[in-house]
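First the structure, in the form of structure tokens, and then the observations on it.
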């Protein structure tokens, strides 16, 4: 097959766009957006972001009608399966009705649908959405009736690196077990068993990260909630204002490592504590697999930090071999997923 696939990953301050000919990446670009505070919400940014996609294609000599498929980043939908979903009206209605957690990734399906319509009706997909998992019932139970554990994690990149790890060793992802730790602005840890994500620590119930508080003592947090903080203030602290940023005034890990090397004991304590909590999270997930883990994979931007990764590896290497795969491969993962669907190698789901 000769498929031209456009991938769209809307972020909080940018839109990442990729163009692929089958598995080959032809073009990638990260477009930074200015003055986003001038927009009422993420949905009022739609036309501006769509224009950046159109300009990307035009300046590189491609027509929208050349496209075989368009793939958008899957947003924070209600719990769905891992893999690909066709964008349909039910999905669009869910994303636009205002009841879901606001997140830039919610624009992924909407933008993919609009570009695909302009292309003459080529298929529009999302792939490995933020809320996707294959949790069995036992992994969903909590101590409060009506509140279930759900997965909100770096599914797209986590499954991509696990697939690539298996491919490089001549094995099938669906035949292996992994623990994948994605270390970024938020930190999530997933258990992959035979091609399914059966448990995870999301960014609000695992290690604290550069910007997020992670799991904290619940009774103390209840007191904090009633200390005069508004709901918006609490949400900003939990996601965006917590973690290393709250302690040290910055979420830049390279800067914090430099402070530690210059003798800042507090910076060292915080980095060591973050690595300690990441390792504890990996240990928790190892119990889910009863120790039957082929590899621990560490990925994301912080995986570039030799100091932090070295600390984590020292704690967890007894569990399974550890491989570090820095960065993220989300545009590639979307294109590869869409190609498998177009080739009939993987089913496409419908909401």
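Residue numbers (the working numbering): 48 to 398.
By construction, the Cβ of each residue, glycine as well, lies at the ideal position given by its N, Cα and C atoms.
Predicted model, so just to flag it, every value in this text is computed and none were measured.
Asked                                                                                                       : Found
Under the three-state DSSP convention, the category residue 50 falls into                                   : coil
Collapsed DSSP secondary structure at residue 297 in the structure displayed                                : coil
Simplified DSSP state of residue 240, which is helix, strand or coil                                        : strand
Backbone CA spacing between residue 109 and residue 128 [nearest angstrom]                                  : 33 Å
Length of the line joining the Cα atoms of residue 120 and residue 154                                      : 8 Å
Environment of residue 195 [buried if 16+ CB atoms lie within 10 Å]                                         : exposed
Whole-angstrom distance between residue 274 and residue 267, CA atom to CA atom                             : 11 Å
Minimum C-alpha distance to residue 348 - residue among 280, 303, 231                                       : 231
Candidates 212, 358, 205: closest to residue 318 by CA position                                             : 358
Given 8 Å, three or more beta-carbon pairs between the stretch 322 to 331 and the stretch 288 to 301        : no
Beta-carbon gap between residue 253 and residue 269 smaller than 8 Å                                        : no
According to DSSP, residues forming a beta bridge with residue 131                                          : 174, 395
DSSP bridge partner residues for residue 75 (one or two, in chain order)                                    : 65
Cβ neighbours of residue 247 in the same chain (closer than 7 Å, five flanking residues each side left out) : 180, 198, 200, 235, 236, 237, 238
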